[in-house]
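Some notes on the structure that comes next.
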């Protein structure tokens with residue numbers, strides 16, 4: 001069951017929504033500026049339950065006529081990036097893309113509004129474009145949008161960027177691997193460069209899947225499937241995802257206590273499991 005169906009089931013089971021949608025007057029009708037999915041669900045349920053009046057109307061916040069565009073944009077950002085029911089990652093990226101491309105918001109302005117780092121904003125926008133322009137036209141089931149994190153990881157990875165620039169792989173190659181179910185989770189993409197640098201492992205990926213490729217690579221590089229390597233990658237990804245403000249505070253020594261225990265807790269057990277002779281490497 002995809003996210004749309006889950007939300008529909010939730011609304012139907014609870015006899016409606018708890019949080020009103022936002023609309024703005026447009027001549028002789030109201031335009032939904034936040035809550036399109038929920039309004040679509042109400043339309044479907046009104047057709048299913050023709051005689052049930054509760055599906056004929058939906059609770060709404062009504063904005064003034066001809067409200068300024070920046071107010072609408074602020075409501076969307078406030079609601080979906082910081083609200084109690086945040087969008088999934090794909091929809092967040094869609095909004096970042098819309099503001100950047102259609103509303104001419106600069107990266108600096110988006111950084112200030114969202115508290116995300118510029119690199120994170122760029123990666124999300126590019127990953128959204130990759131899915132919209134390359135992936136979804138070929139693999140268009142609604143559930144495919146749940147693989148958005150795969151494309152974010154692809155855009156974040158400097159080694160993968162280098163391999164693409166060198167012509168070793170293409171974005172469409174990656175799209176096909178994702179669409180064919182080669183990967184079990186988004187985190188697999190972090191170790192994809194290791195596989196692609198070894199011809200036999202790359203062939204195992206093409207012929208089978210990422211798990212088979214790692215097993216092939218492990219014959220030459222035992223660390224390829226190492227849990228320690230995986231944990232270190234998770235910690236790196238966690239640090240990279242920290243908001244710019246928090247990262248800056250840590251760098252200036254103002255917030256070491258909140259970050260250090262997390263990093264230490266993730267790495268220390270793996271470090272302790274190493275033989276004594278390897279702990280000084």
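Residue numbers (the UniProt record's numbering): 1 to 281. Ideal placement from N, C-alpha and C gives every residue a C-beta, glycine not left out. Values in this document were obtained by computation on a predicted structure and should not be read as measured data.
- A straight-line Cα-Cα distance of about 36 Å links residue 79 and residue 164.
- Between the C-alpha atoms of residue 61 and residue 152 there is a straight-line separation of about 34 Å.
- Annotation for residue 127: 93, 148, 151, 152, 154, 155 place their beta carbon closer than 8 Å to its own, counting only its chain and skipping 5 residues before and after.
- DSSP links residue 25 through a beta bridge to 30.
- According to the DSSP secondary-structure assignment, residue 139 is paired through a beta bridge with no residue.
- Beta-carbon to beta-carbon, residue 189 and residue 157 are separated by about 7 Å, close enough to satisfy the 8 Å threshold.
- Residue 18 sits in coil when the DSSP states are folded into three classes, being neither helix nor strand.
- Assignment of residue 49 by DSSP, reduced to helix, strand and coil, places it in the coil class.
- Taken in chain order, the whole beta strand (DSSP E) runs of length 3 or more contained in the region 36-121 are 60-62.
- The beta-carbon distance between residue 178 and residue 135, rounded to whole angstroms, is 7 Å. This is short enough to meet the 8 Å contact definition.
- The C-beta of residue 95 has 16 or more other C-beta atoms within 10 Å across all chains shown, which makes the residue buried.
- Between the C-alpha atoms of residue 108 and residue 44 there is a straight-line separation of about 40 Å.
- By the CB criterion at 7 Å, residue 105 and residue 99 fall inside the cutoff.
- With 16 or more other Cβ atoms from the protein chains shown falling within 10 Å of its own Cβ, residue 34 counts as buried.
- Per DSSP, residue 221 is not a residue of any alpha helix (DSSP H), being assigned neither H nor E.
- In its own chain, leaving out the 5 sequence neighbours on each side, no residue places its CB closer than 6 Å to the CB of residue 176.
- The residue among 162, 25, 194, 48 with its C-alpha nearest the C-alpha of residue 12 is 48.
- In this structure, the straight-line span from the alpha carbon of residue 16 to that of residue 54 is close to 8 Å.
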